[in-house]
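Residue numbers (mature numbering (1 follows the signal peptide of the UniProt record, and there is no 0)): -19 to -1, 1 to 881. For every residue, glycine included, the Cβ atom is placed at its ideal position computed from N, Cα and C. Nothing here was measured: the structure is a model prediction, and the numbers come from that model.
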């Protein structure tokens, strides 16, 4: 019946569409209920309503207009349209609205009207109220949202506070910071909080009314979840798939409301499996290999999702191996077996064996298998091993569509069985001449134990002489053998034997004795380094079987520890190294050339890895004379134990009372002798009777060594003293002869002297500087006594200029009487300091006085009285008797002797 009425209405409307007088029927909605609900952490108002059953049966398009008012019906805050198609199965319509402020803060009112096929609006439904707390009789202030609020970073959040009955809100604060109040109703105030707070979570919200204080709330600001990063899924046993991802960093708080919740969906968003914080898992559907996976992340402020499409046969991470063991071990093979407790019958597997020796050599081998059922046993044979070797083995596996290796199995060890030695021993010899022939020390070795393929039980030694005699001898426990041979050529073979068999035979030919030729080969010096020595040699055109370099590892030790190394025929150099090479040790390398008849010495090399300064001091002897020192010393520069090659010697000489031996002052000399064989030096140009410090030291490329210190003294200059002594003796002898002759003829000489003095002499004699030695000498010689020589005359002649400067102007009296003696000479009469005998008259005649002169000798100076009297009476001059020890002027005069 309702459907009939609706159709009738529609037909009438079509027939009279142009008539404005017709009234179009409308259907006023009937609001069933209004509910408030928290949806996705936000305040939502849910409205349910219905319309006439006639409209549902017609399934027509209808639009509803909804209005929301707050506090009062006249305060409309929101209007929106909602369009839908009414169906028989959807009789109750629903609409929700998100409110900025908590719905408890104040009352909200809703009304609805409809529009059928865009004709005209129906009447509004009556207002439907959702009452707020502000209409209640609550007496205490209440803060909304209660307890806590989760908000998205960067958003704005409203908090409202409803005062108790008969009071009002006075203050609202966030983290002790007051905010401006927004009035919602008479009892309700609100604040708007944006993300500009000092901390990003746990902000306290407080509300204070005039009479009461509301319980505080806490505000959290968080980010929405990130998309699950690096989403990956895999299976280990083909029964369960596990998906993992890299989680985002949560805020540092313990509030469970801020955590992210994950869920896994497969196919058409069918939720499957269970999830934890970083992984989800689900069961494999039998027969299904391809899966479309979605992982969703959700928290209070947002959502995120990641997607993955995969084939699980390409994402197999096999379970770990169990019960790994060896089934059989041979010299070069081993059989291994293990179990995989999973059903891989639909897959192919690849397993890898890792076999390692004790010295670290690693061998990896891959092995392919058809997958088996659950707990299937897998077996593999590993070959290419070495006999009698300790190995450690481990295994891991992956699927043929490689995704990931499983974990390595627990490693275990085994030893392969022995086998006959694969090569013969490396053989060498040392030969020393003896009166009976030659003494041979035979050595053999293996470069490493792997060549013997097991412990060697003995060595069979065979010696064959050129004449054809053969000797066989087994050797146990050592790697050398001494024996004597004659001068002829010999062939020696060595064969190693272990429990599995014998090795190939090693052959060594010893040539016939060639005398002292090898001993005369001169060794050449070489330079090594910390790594070793580079040895070079001149290639021999007759070489047939290569070259051998031998040396001793232990220089100076009782046991030489002979080492050797062989090289092919085309080489002419080798690098020799050893862990025992030591600085300051001299190593000798002998290079042998192998020819058809055996090995012959080709060259000798000696060298150091690093030279050091000599530790020995020279033994020095000296031979001195007055101007040089000859040094001779002994030093064993050929001693093989020296820490370096002796390059020469340093000699240092310095005066003992001067600076130290290494002073840089110029009073020392240093000599460098650059020949180690020269051990003598003469140091010239030294001073007689002088002490010198001398040091002598040998030097190498590393520097000078220990010094020999000694002190020498040069001899006195005996030749010069001898010549001086001879001259002195000759002079003394001549003087004695003169004195003796003079003594015999003293009276004649006296007369001769007086005669000479009496004659007028014009010789030029400079003034003498007298001293006290005249009297002393005269008295000692006693050649003349005062009484024997009453007076004498000394003439002192000066130039005119000098005389004018030294002498006073003579009196006119003297000038008139003796003009001829005006400037002739200066004379003075003197006698020894002895007074005349009583009653004896002194006869002294001064004819002229020209000037004065100074005498330095104080023993013969006359006094002033005598001088003045003589000047006044020149006819009666007398010999001065009172000689004073003073300097005084002496007159210049002429005189004649009054003696016969």
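Residue i versus residue j - alpha carbon distance
i           : j           : result
residue 214 : residue 393 : 33 Å
residue 172 : residue 153 : 7 Å
residue 328 : residue 306 : 24 Å
residue 85  : residue 102 : 32 Å
residue 147 : residue 115 : 11 Å
residue 564 : residue 511 : 8 Å
residue 830 : residue 733 : A caution first: residue 830 carries a pLDDT of 40, below 50, which makes its placement in the model too unreliable to give a value.
residue 600 : residue 611 : 14 Å
residue 849 : residue 703 : Confidence at residue 849 is low in this model, with a pLDDT of 45, below 50, so its placement is unreliable and no value can be given for it.
residue 380 : residue 515 : 53 Å
residue 545 : residue 650 : 49 Å
residue 79  : residue 288 : 31 Å
residue 37  : residue 68  : 5 Å
residue 166 : residue 83  : 13 Å
residue 59  : residue 35  : 30 Å
residue 451 : residue 476 : 15 Å
residue 665 : residue 608 : 6 Å
residue 883 : residue 709 : The structure shown has nothing for residue 883, since the chain only spans -19 to 881.
residue 602 : residue 688 : 14 Å
residue 405 : residue 659 : 52 Å
residue 518 : residue 572 : 8 Å
residue 309 : residue 527 : 43 Å
residue 70  : residue 57  : 33 Å
residue 44  : residue 51  : 23 Å
residue 109 : residue 15  : 7 Å
CB of residue i within 8 Å of CB of residue j, strictly
i           : j           : result
residue 122 : residue 188 : yes
residue 96  : residue 66  : no
residue 678 : residue 625 : no
residue 362 : residue 396 : no
residue 470 : residue 498 : no
residue 479 : residue 437 : yes
residue 440 : residue 425 : yes
residue 588 : residue 568 : yes
residue 151 : residue 195 : no
residue 883 : residue 613 : For the chain, the structure presents residues -19 to 881; residue 883 sits outside this window and is missing.
residue 339 : residue 285 : no
residue 637 : residue 674 : yes
residue 632 : residue 652 : yes
residue 276 : residue 228 : no
Nearest to residue i (by Cα), restricted to the options the options
i           : options               : result
residue 325 : 296, 161, 205 and 600 : 296
residue 422 : 543, 385 and 451      : 543
residue 269 : 219, 375 and 712      : 219
residue 505 : 585, 580 and 666      : 585
residue 592 : 82, 727, 684 and 131  : 684
residue 408 : 365, 488, 557 and 400 : 488
residue 55  : 419, 64, 91 and 366   : 91
residue 583 : 553, 559, 603 and 558 : 553
residue 523 : 317, 539, 40 and 577  : 577
residue 698 : 670, 714 and 255      : 670
residue 138 : 252, 303, 341 and 282 : 282
residue 556 : 539, 541, 532 and 575 : 532
Residue environment, residue i, which counts as buried when at least 16 other CB atoms sit within 10 Å
i           : result
residue 566 : buried
residue 875 : At residue 875 the pLDDT is 37, less than 50, meaning the model places this residue with poor confidence; the figure from the coordinates comes in the next sentence. Under this definition residue 875 is a buried residue.
residue 428 : exposed
residue 359 : buried
residue 30  : buried
residue 383 : exposed
residue 454 : exposed
residue 241 : buried
residue 635 : buried
residue 291 : buried
Inside the segment 686 to 739 only - beta strand (DSSP E) runs reaching at least 3 residues: 689 to 694
Complete beta strand (DSSP E) runs within the segment 343 to 390 (minimum length 3 residues, chain order): 343 to 351, 357 to 363 and 371 to 380
Secondary structure, beta strand (DSSP E): runs of 3+ residues fully inside the segment 516 to 590: 528 to 533, 543 to 548, 554 to 557, 568 to 576 and 579 to 589
3 or more residues per run - each beta strand (DSSP E) lying fully within the segment 412 to 489: 418 to 426, 437 to 446, 451 to 456, 461 to 466 and 471 to 479
Contiguous alpha helix (DSSP H) assignments of at least 4 residues, all confined to the segment 23 to 107: 34 to 39
Those runs of the beta strand (DSSP E) which lie wholly inside the segment 186 to 264 and span at least 3 residues: 198 to 203, 210 to 216, 221 to 227, 242 to 247 and 260 to 264
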